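One structure is given below, encoded as structure tokens.
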Ligand code: CS2
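Residue numbers (my numbering): 51 to 539.
Below, the structure written as structure tokens:
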């Protein structure tokens with residue numbers, strides 16, 4: 051079967067939307083670190099919109115920081131891929147042409163540094179997941195004993211981390227008299243721009259104080275909130291699309307109609323005239339907090355409770371009335387901790403979120419969301435719980451979600467089916483839990499795990515007691531009973 055490519059574009063079915071610009075004329079104004087499905091369905095589409103609007107400065111050179119798989123999917127297709135937008139019934143296909151090249155960083159670190167240091171590069175976007183920043187999830191300090199970061203602290207000749215690449219390239223830009231690029235973190239972290247800036251400045255300072263001062267003065271690290279649900283592509287998705295296109299597209303992504311990118315209006319160089327889906331604002335934090343605590347908080351609760359109950363997809367979990375009740379209750383709790391931006395109608399946002407979760411054609415797997423819980427829980431659930439406790443409020447729903455995460459660490463669902471706990475801290479968390487013999491001891495072990503649970507919260511009796519109660523039910527009776535119990539409470 052031949053592949054999607056520049057050559058096969060003309061033969062695609064008429065209803066497939068194609069790039070409306072001459073790809074040969076496009077300059078690479080963007081370098082992206084961490085080219086996964088989320089980038090292809092979110093930021094790359096925004097830059098593709100800019101190209102379609104006639105501003106040809108915004109092609110993307112993308113990098114994979116680990117494996118060659120995305121390069122092998124995309125380069126034989128001339129960087130082209132299909133974005134399938136599924137709204138629950140209909141499906142729209144659009145070919146995105148913004149990605150010009152994919153570099154596999156470990157195979158060719160110099161190519162990535164050169165792309166980042168190129169005069170045409172004005173914007174660097176990152177989707178490197180929470181763990182890619184090499185910052186402690188609870189405190190935000192650099193994790194100096196992380197082996198890759200430790201290597202970058204010694205030498206940046208062949209960087210190992212995303213902050214390492216940025217510092218190496220910024221050093222070259224300074225040396226060649228270029229301005230820095232605007233570096234935009236697109237990961238689901240509170241104050242993601244500040245975190246990225248902190249990681250870059252801390253690393254730069256260890257190599258060259260002048261460089262760190264120059265980056266601090268001239269660089270820009272806007273805060274952002276990114277939102278679009280992008281389930282991992284399955285072999286079935288590819289087979290169905292192949293039948294529709296008549297050529298195979300190994301790099302396709304599937305997503306929902308909704309897209310939102312709120313960006314702090316702080317650029318140190320050129321940017322496109324952003325179109326649909328993008329809002330520039332002075333204050334991103336209230337947007338980020340609302341999204342993390344409502345969308346992502348509920349997602350994690352659904353993922354662990356649904357995963358334990360052996361339910362594969364988000365919309366299937368929400369087919370249970372007790373699961374819907376739990377999500378609404380979690381939102382009731384989270385909502386009181388927010389200072390939403392004036393433009394955000396929280397009631398309408400919640401209704402819209404439930405409809406997005408219900409989308410039956412997305413098939414978003416609970417196991418995909420369950421990944422990396424230790425990196426996600428602090429901002430999605432634990433900060434919300436701490437705020438509720440400070441305000442003298444109840445934490446029942448939020449804590450049930452945390453208890454389900456703890457239970458997930460045991461590596462078995464309620465039917466006895468084994469799963470891999472995909473998390474950078476899986477081993478130390480498992481060791482701490484294995485050493486405990488009772489529910490109360492397991493709770494104590496988790497509460498003492500200060501890379502995830504802030505010490506003040508770990509010492510709180512209300513949290514400890516609520517967590518113990520839910521974990522006991524999960525351990526003895528499972529997630530379905532816990533949800534029914536919650537409903538009946
Ligand atoms: C999800 C997010 O996998 C996860 O942890 O909660 O990827 C979520 O789908 C996006 O943040 C939606 O914008």
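Beta carbons: idealized from backbone N, C-alpha and C, even for Gly.
For clarity, every value in this text was computed on a predicted model and none was experimentally measured.
For residue 352, which of 380, 213, 538 has the nearest alpha-carbon?
Comparing C-alpha distances from residue 352 to each of 380, 213, 538 shows the shortest one belongs to 380.
So what does DSSP say about residue 404, is it helix, strand or coil?
Taken through DSSP and simplified to helix, strand or coil, residue 404 comes out as helix.
Measuring alpha carbon to alpha carbon, tell me which residue in 444, 436, 397, 535 is nearest residue 497.
Shortest Cα-Cα distance from residue 497 to any of 444, 436, 397, 535 involves 436.
Can you find the residues in the same chain that come closer than 8 Å, C-beta to C-beta, to residue 221, ignoring five residues on each side of it along the sequence?
If we look at residue 221 and ignore the five residues flanking it on each side, its Cβ neighbours are 206, 254, 257, 258, 261.
Inter-residue CB distance, residue 298 and residue 448 (contact presumed, cutoff 8 Å)
At roughly 44 Å, the Cβ-Cβ gap does not stay under 8 Å, so residue 298 and residue 448 are not in contact.
Please work out which residues of its chain come closer than 6 Å, Cβ to Cβ, to residue 386, disregarding the five sequence neighbours upstream and downstream, and give them in chain order.
If we look at residue 386 and ignore the five residues flanking it on each side, it has no Cβ neighbours.
For the stretch 352–433, list the beta strand (DSSP E) runs that are entirely contained and at least 3 residues long, ordered along the chain.
With a minimum length of 3 residues, there is no unbroken run of beta strand (DSSP E) contained wholly in the stretch 352–433.
Assigned secondary structure, residue 157 (DSSP; H/G/I helix, E/B strand, else coil):
The answer is coil: DSSP assigns residue 157 none of H, G, I, E or B.
Given this structure, state the Cα-to-Cα distance separating residue 391 from residue 271, to the nearest angstrom.
For residue 391 and residue 271, the distance between alpha carbons rounds to 21 Å.
Among residues of its own chain, excluding the 5 on either side of residue 327, which ones have a beta-carbon nearer than 7 Å to its beta-carbon?
Contacts found: 96, 309, 310, 311.
Cβ of residue 365 versus every heavy atom of the ligand CS2: is any distance shorter than 6 Å?
Every heavy atom of the ligand CS2 is 6 Å or more from the Cβ of residue 365, so no.
Which two residues bound the contiguous beta strand (DSSP E) that contains residue 114?
First-last of the beta strand (DSSP E) with residue 114: 109–114.
Cutting at 6 Å between CB atoms, please list the residues of its own chain near residue 213, excluding the five before and the five after it.
Counting only Cβ-Cβ distances below 6 Å, and skipping sequence neighbours, we find 249, 250, 253.
For a minimum of 3 consecutive residues, which ranges assigned as the beta strand (DSSP E) are wholly contained in the stretch 229–286?
Segments of the beta strand (DSSP E) lying fully in the stretch 229–286: 232–235, 274–277.
If you follow the alpha helix (DSSP H) that residue 121 is in, where does it begin and where does it stop?
From DSSP, the alpha helix (DSSP H) with residue 121 extends over 119–124.
Would residue 465 and residue 408 qualify as a contact pair, given that the criterion is a beta-carbon distance under 7 Å?
No, the Cβ-Cβ distance between residue 465 and residue 408 is not below 7 Å.
Sequence-distant residues of its chain with Cβ nearer than 6 Å to residue 124 (five each side left out)
Cβ within range, chain order: 152, 301.
Secondary structure at residue 71, three-state DSSP: helix, strand or coil?
Correct three-state label for residue 71: coil.
When we look at the beta-carbon of residue 393 and count the other beta-carbons within 10 Å, is it buried (16 or more) or exposed?
Flag for residue 393 reads exposed.
Can you have a look at residue 114 and say buried or exposed, based on whether 16 or more other CB atoms are within 10 angstroms of its CB?
Looking at its Cβ environment, which holds 16 or more other Cβ atoms inside 10 Å, residue 114 is buried.
Which residue marks the beginning of the beta strand (DSSP E) containing residue 131, and which one marks its end?
Segment 131–136, the beta strand (DSSP E) holding residue 131.
Heavy atom of the ligand CS2 within 6 Å of residue 234 beta-carbon
Because no heavy atom of the ligand CS2 lies under 6 Å away, the Cβ of residue 234 does not count as near it: no.
For residue 467, which of 318, 458, 473 has the nearest alpha-carbon?
It is 458 whose Cα lies nearest to the Cα of residue 467.
On the criterion of 16 or more Cβ atoms from any shown chain inside 10 Å, does residue 136 qualify as buried, or is it exposed?
Buried, since its Cβ has 16 or more Cβ neighbours within 10 Å.
What's the C-alpha gap between residue 78 and residue 131?
Near 18 Å, if we compare the C-alpha coordinates of residue 131 and residue 78.
In whole angstroms, what separates the C-alpha of residue 402 from that of residue 535?
Distance between the alpha carbons of residue 402 and residue 535: 27 Å.
Whether residue 363 touches residue 413 by CB criterion (7 Å)
The answer is yes: Cβ separation under 7 Å.
First and last residue of the beta strand (DSSP E) that includes residue 537?
Per DSSP, residue 537 lies in no beta strand (DSSP E); the unbroken alpha helix (DSSP H) holding it starts and ends at 529–538.
Helix, strand or coil for residue 178 per DSSP?
Coil, per DSSP.
DSSP three-state assignment for residue 488, whether helix, strand or coil:
In the structure shown, residue 488 sits in coil (DSSP, three-state: anything other than H, G, I, E or B).
On the premise that residue 87 lies in contact with residue 217, defined as a C-beta separation below 8 Å, what is that separation, rounded to the nearest angstrom?
The pair is not a contact, with the Cβ atoms about 27 Å apart (cut-off 8 Å).
Where does residue 194 land, buried or exposed, given buried means 16+ other C-beta within 10 angstroms?
Classification for residue 194: exposed.
Backbone CA spacing between residue 538 and residue 512 [nearest angstrom]:
The straight-line gap from Cα to Cα measures roughly 21 Å.
Alpha carbon to alpha carbon, how far is residue 365 from residue 225? Give it in angstroms, no decimals.
C-alpha separation (whole angstroms): 52 Å.
Could you give the distance in angstroms between the alpha-carbon of residue 238 and the alpha-carbon of residue 350?
C-alpha of residue 238 to C-alpha of residue 350: approximately 13 Å in a straight line.
Is it the case that the CB of residue 279 approaches a heavy atom of the ligand CS2 more closely than 6 Å?
Because some heavy atom of the ligand CS2 lies under 6 Å away, the Cβ of residue 279 counts as near it: yes.
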